[in-house]
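So the sequences go chain by chain: V, Z, E, L, D and R. Once you know that position 96 of the first sequence is 95 in numbering that gives the first Met the number 0, the rest is easy, because the numbers rise by one and skip nothing. Once you know that position 9 of the second sequence is 8 in numbering that gives the first Met the number 0, the rest is easy, because the numbers rise by one and skip nothing. Once you know that position 76 of the third sequence is 75 in numbering that gives the first Met the number 0, the rest is easy, because the numbers rise by one and skip nothing. Once you know that position 14 of the fourth sequence is 13 in numbering that gives the first Met the number 0, the rest is easy, because the numbers rise by one and skip nothing. Once you know that position 41 of the fifth sequence is 40 in numbering that gives the first Met the number 0, the rest is easy, because the numbers rise by one and skip nothing. Once you know that position 98 of the sixth sequence is 97 in numbering that gives the first Met the number 0, the rest is easy, because the numbers rise by one and skip nothing. The C-beta atom is built at its ideal place from N, Cα and C for all residues, glycine as well. This report concerns only the one structure given below.
Number of protein chains: 6
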Amino acid sequence: MKIAVFPGSFDPITSGHEDLIRRAARMFDKLIVAIGVNSQKKYLFDLEQRIKWLEAVFADDDSIEVAHYEGLTVRFCKEVGSSFIVRGLRNSSDFEYEKQISQLNNILGEGIETMFLVSQPSLSHISSSIVREILKNNGDASALLPKQVVIT
Amino acid sequence: MKIAVFPGSFDPITSGHEDLIRRAARMFDKLIVAIGVNSQKKYLFDLEQRIKWLEAVFADDDSIEVAHYEGLTVRFCKEVGSSFIVRGLRNSSDFEYEKQISQLNNILGEGIETMFLVSQPSLSHISSSIVREILKNNGDASALLPKQVVIT
Amino acid sequence: MKIAVFPGSFDPITSGHEDLIRRAARMFDKLIVAIGVNSQKKYLFDLEQRIKWLEAVFADDDSIEVAHYEGLTVRFCKEVGSSFIVRGLRNSSDFEYEKQISQLNNILGEGIETMFLVSQPSLSHISSSIVREILKNNGDASALLPKQVVIT
Amino acid sequence: MKIAVFPGSFDPITSGHEDLIRRAARMFDKLIVAIGVNSQKKYLFDLEQRIKWLEAVFADDDSIEVAHYEGLTVRFCKEVGSSFIVRGLRNSSDFEYEKQISQLNNILGEGIETMFLVSQPSLSHISSSIVREILKNNGDASALLPKQVVIT
Amino acid sequence: MKIAVFPGSFDPITSGHEDLIRRAARMFDKLIVAIGVNSQKKYLFDLEQRIKWLEAVFADDDSIEVAHYEGLTVRFCKEVGSSFIVRGLRNSSDFEYEKQISQLNNILGEGIETMFLVSQPSLSHISSSIVREILKNNGDASALLPKQVVIT
Amino acid sequence: MKIAVFPGSFDPITSGHEDLIRRAARMFDKLIVAIGVNSQKKYLFDLEQRIKWLEAVFADDDSIEVAHYEGLTVRFCKEVGSSFIVRGLRNSSDFEYEKQISQLNNILGEGIETMFLVSQPSLSHISSSIVREILKNNGDASALLPKQVVIT
């Protein structure tokens with residue numbers, strides 16, 4: 000069985016994430032969407048809320064599981080028996096950053112591979128940080144979020 | 000059965016290609032390495048030679064097949080029952096180009112997905128065009144080529 | 000009266016061009032869509048055909064004119080009394096190229112300014128060269144073209 | 000009357016900003032240079048000082064107004080009756096960032112357009128953050144600042 | 000005598016730094032590896048430790064000296080009689096950042112030149128920030144560090 | 000004696016080249032400006048003319064020599080006893096291209112190093128290809144050329 004991990008902060012999950020995860024799920028037998036928890040980082044939404052949203056968004060697909068972990072991503076991959084990480088790329092800034100991380104994970108993870116999907120054009124401007132920026136300014140971010148993510 | 004296509008000119012196949020293809024083959028049940036033939040383009044090596052090299056390099060892996068096609072890559076994917084294209088990314092110039100092609104193939108191919116692997120750091124400077132440049136200047140390109148590709 | 004020039008090859012005009020030109024037209028009193036003719040370059044469609052398409056697409060907007068010119072773009076701008084060039088940017092590769100051209104036009108044109116619009120996300124993967132590639136492979140490019148551009 | 004907004008922190012205004020703003024002012028009937036105030040961000044110079052500098056630099060041009068606002072830029076644009084935002088681009092890192100912001104503003108602002116000017120080559124290395132870095136190290140930044148911005 | 004300065008935080012020195020510094024040392028009569036101390040920045044390793052590591056790594060090469068400084072890099076260069084700064088480039092993100100800094104140092108330093116070396120492919124994924132990230136997650140970073148840098 | 004080679008087509012030499020070469024010459028005891036001749040490439044100016052211009056521009060500096068070569072650049076470097084290649088970088092597109100070439104030359108040249116200088120901001124828009132484009136359109140390129148390069 001081919002298992003892959005899609006790691007992220009998902010603070011909050013966006014329509015961009017949802018599309019990438021559904022597309023990636025078609026390539027593997029199981030895809031684990033995993034929230035990486037960094038105790039030194041501040042999040043806008045707490046872990047419990049972010050998990051609930053992920054579970055609601057992917058409730059319709061049995062091949063997608065939701066999880067969370069602390070520490071290195073590659074360690075989590077080993078624990079769940081996965082040799083593959085999936086990440087999305089929106090633009091060339093993403094690429095340079097993700098390239099370094101993937102090459103590092105390959106070393107640390109003793110062969111763990113990262114595969115990339117490119118964001119759909121119509122979703123390539125969406126990011127969690129832009130959603131947070133809108134919310135901080137009391138704007139309406141619903142057009143950038145899955146319908147299950149309701150922020151009031 | 001999950002089948003993917005790794006398309007390219009392979010004029011000639013490099014060590015960079017070989018590494019990407021072997022890594023991609025682990026993710027799918029079958030990987031078809033497919034030479035796209037463009038009748039208006041000039042190649043340094045003829046099709047027969049390029050096929051022979053691909054077959055020699057991957058003779059040890061039953062999950063990797065060699066093929067060639069004319070016309071759109073997505074049409075070939077449909078013929079062989081594949082919904083996935085695999086491509087490598089070396090740097091951000093590659094990324095911008097491949098992004099456009101993958102978004103186009105998604106439209107033309109009615110949902111065909113492209114997944115990307117990033118070149119290993121130690122192979123990221125290798126390309127067929129650089130190999131051809133060395134050969135045209137009577138240099139020795141063997142350090143950039145699989146051992147089965149012997150050019151005299 | 001503020002007049003701007005949107006230069007290009009338009010071989011053929013795409014939905015990406017159409018969107019950029021309509022958006023730019025809102026900023027100026029008159030926008031001249033101008034086909035730059037380079038006698039040493041080969042085009043897929045002849046000049047007459049490209050002009051007809053441009054005229055058909057923008058027939059509904061009196062503030063948009065269609066024209067063509069040979070030689071330097073800045074010379075054409077002066078002839079038509081325009082101090083502004085408009086161009087679209089899809090990605091960072093476009094940017095580096097357009098930056099150089101705009102800085103050059105500023106010098107050659109004795110102060111002619113270039114302003115840029117960024118392609119809409121859902122159109123950012125469209126280019127004339129990709130349309131031509133599809134057509135050469137007998138594919139259907141109609142999803143990337145204005146409805147007035149019918150290629151059989 | 001065509002009104003545009005040039006938003007920024009201007010902490011402090013640089014010669015790069017001044018040049019972009021004067022060039023942009025030629026394209027519109029009125030250009031509002033607007034300091035966006037983010038209460039969670041720390042600035043090196045207080046708002047009053049930054050406004051004074053902007054007013055001094057553009058005292059000679061009646062078509063340029065100085066203002067400030069809190070919250071989303073697109074909300075400010077609506078308040079002042081502007082449908083256009085103007086921003087400068089120095090390099091491809093700027094581009095990727097500004098592209099996302101402009102696409103977002105287009106959604107949030109119900110059609111608000113952002114147009115971009117590219118920095119002149121001789122000013123493309125100047126940024127407020129570099130000016131601040133020099134000042135923090137007790138260096139002389141006057142070569143990067145309009146003559147009205149005197150920092151002692 | 001041609002003296003160059005290789006400035007950095009070296010928090011900690013990586014194998015990537017070591018390779019760049021040894022390569023740069025061949026081009027000059029003396030190369031000063033200089034730790035820039037910014038009192039407002041937090042470091043993972045204290046200055047004393049970082050100096051010790053640098054001295055240990057380059058103990059075998061008399062043309063390489065270790066130093067540290069506060070304030071502007073160009074001021075330090077003048078103090079030690081150097082007209083040249085050396086920096087490494089790993090990718091295009093590095094490039095845009097370093098370009099700005101080098102153009103600034105040229106102005107502030109009254110002609111001080113920065114020359115760049117590109118990281119070797121097999122080391123281009125290594126950075127101090129990635130090393131620190133591994134260490135914070137209790138991972139083993141020794142593959143990315145010179146053998147003299149032992150972190151327990 | 001430290002000898003470096005600055006290779007290029009110089010078709011024709013621009014003010015950008017001149018500045019880079021003079022800056023590089025300060026770092027080495029001798030700098031050889033070398034025209035690489037590729038018999039399959041068409042040039043706008045013949046070799047004799049390009050050599051004359053280079054000799055005229057650098058007639059005032061004894062540490063700069065002019066030469067030409069066929070074949071691999073690293074082979075020429077060995078012939079003239081140089082271990083260093085110098086190249087200029089204008090933007091991130093240049094960077095990705097030059098990075099690949101330099102890594103290749105390091106392999107082919109058994110240790111030959113390439114060092115890079117970044118173009119001055121005010122010259123970063125200049126390239127030989129843009130000069131040729133102006134000349135083909137009967138424009139005046141003299142602002143982009145050393146005063147010794149007179150094209151009528």
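Per-residue DSSP class, three states only, for residue i
| i | result |
| --- | --- |
| LYS77 (chain D) | helix |
| LEU144 (chain L) | coil |
| PRO120 (chain Z) | helix |
| ILE125 (chain R) | coil |
| ARG86 (chain R) | strand |
| PHE94 (chain R) | helix |
| LEU30 (chain R) | strand |
| PHE113 (chain L) | The sequence shown places Thr at residue 113 (chain L), not Phe. THR113 (chain L) falls in the strand class under three-state DSSP. |
| ALA23 (chain L) | helix |
| VAL149 (chain Z) | coil |
| ALA55 (chain R) | helix |
| ILE12 (chain R) | coil |
Listed by chain order, chain L residues near residue i by CB distance under 8 angstroms
| i | result |
| --- | --- |
| HIS124 (chain R) | PRO120 |
C-beta atoms of residue i and residue j nearer than 8 angstroms
| i | j | result |
| --- | --- | --- |
| ARG86 (chain R) | SER118 (chain R) | no |
| PHE115 (chain L) | MET0 (chain E) | no |
| ILE125 (chain E) | GLY15 (chain E) | yes |
| VAL65 (chain R) | ILE84 (chain R) | no |
| VAL4 (chain V) | ALA23 (chain V) | no |
| TRP52 (chain Z) | ILE100 (chain Z) | no |
| PRO145 (chain D) | PRO120 (chain Z) | no |
| VAL56 (chain D) | GLU17 (chain D) | yes |
Contact set between residue i and chain V, taken where Cβ atoms lie within less than 7 angstroms
| i | result |
| --- | --- |
| SER91 (chain E) | SER91 |
Proximity winner among the options, relative to residue i (alpha-carbon distances)
| i | options | result |
| --- | --- | --- |
| ASP10 (chain Z) | Z:GLY138, Z:ILE84, Z:LEU134 and Z:ALA142 | Z:LEU134 |
| ARG131 (chain E) | E:LEU46, E:ILE150, E:LEU103 and E:GLU64 | E:ILE150 |
| LEU103 (chain V) | D:GLU64, D:LYS77 and D:LEU143 | D:LEU143 |
| GLN39 (chain E) | R:VAL4, R:THR13, R:ASN136 and R:PHE5 | R:ASN136 |
| GLY110 (chain Z) | Z:SER81, Z:GLU95 and Z:SER121 | Z:SER81 |
| ARG25 (chain D) | D:ILE2, D:PRO120, D:PHE75 and D:GLN147 | D:ILE2 |
| LEU19 (chain Z) | Z:PHE94, Z:LEU43, Z:LEU122 and Z:ASP60 | Z:LEU122 |
| ILE63 (chain D) | D:GLU69, D:GLU95, D:TYR42 and D:PHE27 | D:PHE27 |
| VAL148 (chain V) | V:PHE94, V:GLU69 and V:PHE44 | V:PHE44 |
| LEU71 (chain Z) | Z:GLY138, Z:GLU17, Z:GLN48 and Z:GLY35 | Z:GLY35 |
Residues that residue i contacts on chain D, provided the C-beta gap is smaller than 8 angstroms
| i | result |
| --- | --- |
| ILE12 (chain L) | Those within 8 angstroms of ILE12 (chain L) in chain D number zero; the least Cβ separation is about 18 angstroms. |
Cβ-based burial, residue i [other Cβ within 10 Å; buried from 16]
| i | result |
| --- | --- |
| GLU97 (chain R) | buried |
| SER92 (chain L) | buried |
| ALA140 (chain L) | buried |
| GLY108 (chain E) | buried |
| GLU78 (chain R) | exposed |
| SER128 (chain V) | exposed |
| LEU30 (chain Z) | buried |
| ASN105 (chain E) | buried |
| LEU46 (chain R) | exposed |
| GLU112 (chain V) | buried |
| GLU69 (chain L) | exposed |
Contact set between residue i and chain E, taken where Cβ atoms lie within less than 7 angstroms
| i | result |
| --- | --- |
| ILE129 (chain R) | GLN99 and LEU103 |
Amino acids of chain L, ordered along the chain, whose beta-carbon sits closer than 9 angstroms to that of residue i
| i | result |
| --- | --- |
| ILE106 (chain D) | HIS124, ALA142 and LEU143 |
Contacts that residue i makes with chain V (C-beta to C-beta distance below 9 angstroms)
| i | result |
| --- | --- |
| TYR138 (chain D) | Per the sequence presented here, residue 138 (chain D) reads as Gly, with Tyr not at that position. By Cβ distance, chain V contributes GLY70, LEU71, VAL73, ARG74 and LEU107. |
Partners in chain E for residue i, counting only beta-carbon separations shorter than 8 angstroms
| i | result |
| --- | --- |
| ARG22 (chain L) | GLU112 |
Under 7 angstroms by beta carbon: chain R residues contacting residue i
| i | result |
| --- | --- |
| GLU95 (chain D) | SER91 |
| ILE84 (chain Z) | Those do not exist, as ILE84 (chain Z) stays about 23 angstroms from chain R at its closest Cβ, beyond 7 angstroms. |
Residues that residue i contacts on chain Z, provided the C-beta gap is smaller than 9 angstroms
| i | result |
| --- | --- |
| MET0 (chain V) | Near MET0 (chain V) there are no residues of chain Z at all, since even the closest Cβ is about 12 angstroms away, more than 9 angstroms. |
Proximal residues of chain V, C-beta to C-beta of residue i below 8 angstroms
| i | result |
| --- | --- |
| ILE50 (chain D) | The premise fails here: ILE50 (chain D) is roughly 27 angstroms from chain V at the closest Cβ pair, so nothing lies under 8 angstroms. |
| PHE152 (chain Z) | Only positions 0 to 151 of chain Z appear in this structure, which leaves residue 152 (chain Z) out of reach. |
Contact list for residue i against chain R, beta-carbon separation under 9 angstroms
| i | result |
| --- | --- |
| ILE133 (chain Z) | LEU71, LEU103 and LEU107 |
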